[in-house]
Amino acid sequence: MKRPNLALLLCLVFLGLGLASHAADPSASPVATLRAATNYLGQWMWDRETLDKQTCHFWKRFDIPKGARVEHAQLRIAADNAYTLFLDGRELGRGSDWRTVTVYDLTYLLSPGAHVLAVEGFNDNDKAGVIMGLHVSLADGQSVEVASDNTWRLVPINDSRWQTRRTAPDDWEPVTIVGALGVEPWWKYPTQFVNLPPFLPILVHFWQTGWFQIALLAACGIAGLTSFYLTMRLAVQSKAHRLLSLERVRIARDIHDDLGTRLTQLLLTGEEAQSKLPTESETRDQFGQMCDGARNVLGAIDEVVWVVNSQRDTLGDFVIYICKYAETFLRSALVRCRFDIQRELPDNSLDMPFRRNLLLTVKEALSNAVKHSGADEVAVSIRLKGNALIAIVEDNGRGFDETQVNPARHGLKNMMARMNDLGGHCRVQSSPGVGCRIEFEIPLPSTRLRPWRLFRRRSPVPQTADPSRKVREALLGASSINP
Amino acid sequence: MKRNTTIIPTKPPPRPPLRVALVEDEAKIRESWSRLIDSFPDFKCVCCCESGEEALRVVPGIQPDVILMDVLLPGISGIECTMRLKELLPQTQTIILTALDDDKLIFRALEAGADGYLLKRTKPADMRAALLDVLHGGAPMTSAIARRVVESFRRSSPGRSGAILLSPREEELLDFLSKGYSNKEIADQTQLSFETVRSYLKHIYEKMHVRSRTEAAVRYVNSKSL
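Residue numbers (this note's numbering), protein chains in the order written: chain A, 898 to 1380; chain B, 220 to 445.
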């Protein structure tokens, strides 16, 4: 009991000195002056037992009031023999000289709210203790002080991540105060101060935060899975497409070889039978009709085979086919035909709906010209403008008044619907006496790979484009039934 | 007094009928065709073959005036057969028979040395006219075939030695054809006689044939040198 009394006495002496030195300052309260004189340091603290080569963990939580602005914050610390200081889990520094107090400037690290101080102390031999004091001056004149005292908790040595814990479990015991400031064997007054420059908060960019990294990883994972799924789907689709086109070629060959040959046989037999009958016989006429019907069917088969044969789906082949059709059709109607076809058309491949719709549209335009216009010349022009195919069918017939004509008639509506299906449009220009000009503009299907188109629904195929219907029509046409 | 006078038609000097060889794999079609040809007054079917191999064996010995060749045959194709027969019988006219109006196929046959082509569904009367036209120096060509010819000649690089080129006049005719002009209209436009236009077209056929043979030879030499 002797020693504490002495310490108290010393303190009083010290206090007296302090008071005397600060007597000129009337605003300084006695307690504040005392604190300031002791550099806000607390008491020496350690474990209940002191051992050589001992490590102790000290933990303390404190609060900066909400809405307060920290003007200045200073932490002083010394340890016998060594310490490591953490604030909110961040290591601030180490020291290993009990005679020197290290001064940390924490002004920029302390924001309003809870904070955790953690100190790891190490004793080499003999006596051991850690002493520290934190003084935070707030803008409103208040201050927050944290000193080493028995409100600190001693952390069991096997607890990992103790520096970052926000709360202390109940089994963390309070520290033991092993001596007040100035008690032997330690110095009465700190003999030396080492000032460290202010600590700056660690700037954490958003991409360094854990949540962001997890989200990024998840996004990458999802993107990877999606692309894998799409690739698989594309592979399945392209395989299906390849099989389909092989099947198309097979069907085309079968139709051509088998059906074509048998029909040709029938036709030839019919011709022979017809030639054996007398000229004025009624049966001869009927045979003639039969043969014409068979010819029409063969022509229709030609067309179907051409449409489904994937070996002929380039733009050049398609244009040649249209010209051939126009030439045959117009010659048989005794109408002159003129072509103006762009040379060297690119080898774009066209899919079946495109070819079918464009072919049917041009056919419609040609048959309109022959049926209604009375023209003796029809010009067909096909060229590329950018990525669009421009097809023009122009006649020199009697023409019509655009405002008078009902678009539902003359197949205009049909043509427009087909053009809509292809994403193009058609323009009709005509006036009485100067013929008619129909211009189709259709964007060419792009050959680029567009995976999102896999999910797009295909527009329903128009009824008239059904190849089997073409054959049926040709068959019905032979018996002059108009569907 | 009236007397019944019978008009005796002045008979043309008797000309031997044109001898036709027929290559067709379907027996019924072959028989029908042969009867059909025999029914034409100036044609006679002298030989019917059911395959290209048989034709190569038999036809050179017969030396017909014209060969009607089906394009789709089992074994060697009609096109292959045409090419070989043309080398053995350069004077014989070969006409390709096809069920399908496929200009690519027809073009290949013309390159192989065929002098004309006929769709199997052509009416008998038109067929006879077409046969006679080819035999008298005609060269049937549609705008589609004309386009293919122009394309194929343009594709063969003009700088290469031995490359066969079209003359400007031939190019002009093909251009007219691909624009849809008929032979008659071309004759009017170019101030040439109808016959001259026909002979120009026939000459283009020969060039196509020679060109495809040269190309085949070049390919052969290249494959040897590799």
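Backbone N, C-alpha and C fix where the C-beta goes; we use that ideal spot for every residue, glycine too.
* Does the Cβ of residue 1200 of chain A have 16 or more other Cβ atoms within 10 Å, making it buried, or fewer, making it exposed? -> buried
task: Note down, in chain order, every chain A residue with its Cβ under 8 Å from the Cβ of residue 257 of chain B.
output: Those within 8 Å of residue 257 of chain B in chain A number zero; the least Cβ separation is about 11 Å.
Taking 9 Å as the CB-CB cut-off, is residue 1238 of chain A touching chain B?
yes
(request) Please specify which runs of the beta strand (DSSP E), each continuous and at least 3 residues long, are wholly inside the stretch 1091-1158 of chain A, giving them in chain order. (result) none
**Asked** Hey, is residue 1324 of chain A's beta-carbon within less than 9 Å of any beta-carbon in chain B?
**Response** no
- prompt: How should residue 439 of chain B be labelled, buried or exposed, when 16 other C-beta atoms within 10 angstroms of its C-beta is the threshold for buried?
  reply: exposed
Quiz item: Quick one: does residue 1357 of chain A have its CB under 9 Å from some CB of chain B?
Solution: Unreliable placement is indicated for residue 1357 of chain A, whose pLDDT of 45 sits below 50; no coordinate value is reported for it.
Could you confirm whether any beta carbon from chain B is found closer than 9 Å to the beta carbon of residue 1182 of chain A? no
Between the beta-carbon of residue 1276 of chain A and the beta-carbon of residue 1289 of chain A, is there less than 9 Å?
-> yes
Any beta carbon of chain B sitting closer than 9 Å to that of residue 1217 of chain A?
yes
Do you know how far the Cα of residue 973 of chain A is from the Cα of residue 1033 of chain A? 12 Å
- Query: Between the stretch 378-409 of chain B and chain A, which residues of the former have a C-beta closer than 9 Å to a C-beta of the latter?
  - Reply: 397, 398, 399, 400, 401, 404
Taking its Cβ as the centre, do 16 or more other Cβ atoms sit within 10 Å of residue 289 of chain B, making it buried, or is it exposed? buried
*Could you check what DSSP says for residue 402 of chain B in three-state terms: helix, strand or coil?*
helix
Beta-bridge partners of residue 336 of chain B, as assigned by DSSP: B:315
*Any chain B beta carbon closer than 9 Å to residue 1172 of chain A*: yes
Of the residues B:280, B:282, B:243, B:284, which one's Cα is nearest the Cα of residue 267 of chain B? B:243
Quiz prompt | residue 1233 of chain A (DSSP reduced to helix, strand or coil) | solution = strand
If you measure between the beta carbons of residue 1078 of chain A and residue 1028 of chain A, is that distance less than 9 Å? yes
- Touch check for the stretch 1309-1316 of chain A and the stretch 1285-1300 of chain A: three-plus C-beta pairs under 8 Å? no
Next on the checklist: Which same chain residues end up closer than 7 Å to residue 413 of chain B when comparing Cβ atoms and leaving out the 5 residues on each side of it in sequence?
Outcome noted: 402, 403, 406
Contact check, residue 1274 of chain A vs residue 1232 of chain A under 8 Å by CB: the rounded distance?
7 Å
Q) Where does residue 1242 of chain A sit, in a helix, a strand or coil, going by DSSP? A) coil
For the structure I just gave you, are there three or more beta carbon pairs, one from the stretch 270-281 of chain B and one from the stretch 338-345 of chain B, closer than 8 Å? no
Segment limits, beta strand (DSSP E) that includes residue 1073 of chain A = 1073-1076
Short CB-CB distance (under 9 Å) between residue 1104 of chain A and chain B: no
> In chain B, which residues lie less than 7 Å from residue 1260 of chain A when you measure between Cβ atoms?
Replying inline: Simply none; closest approach about 15 Å.
- Message: By alpha-carbon positions, which one of B:339, B:270, B:388, B:369 ends up nearest to residue 430 of chain B?
- Response: B:369
Could you give the first and the last residue of the continuous alpha helix (DSSP H) run that contains residue 1258 of chain A? 1249-1265
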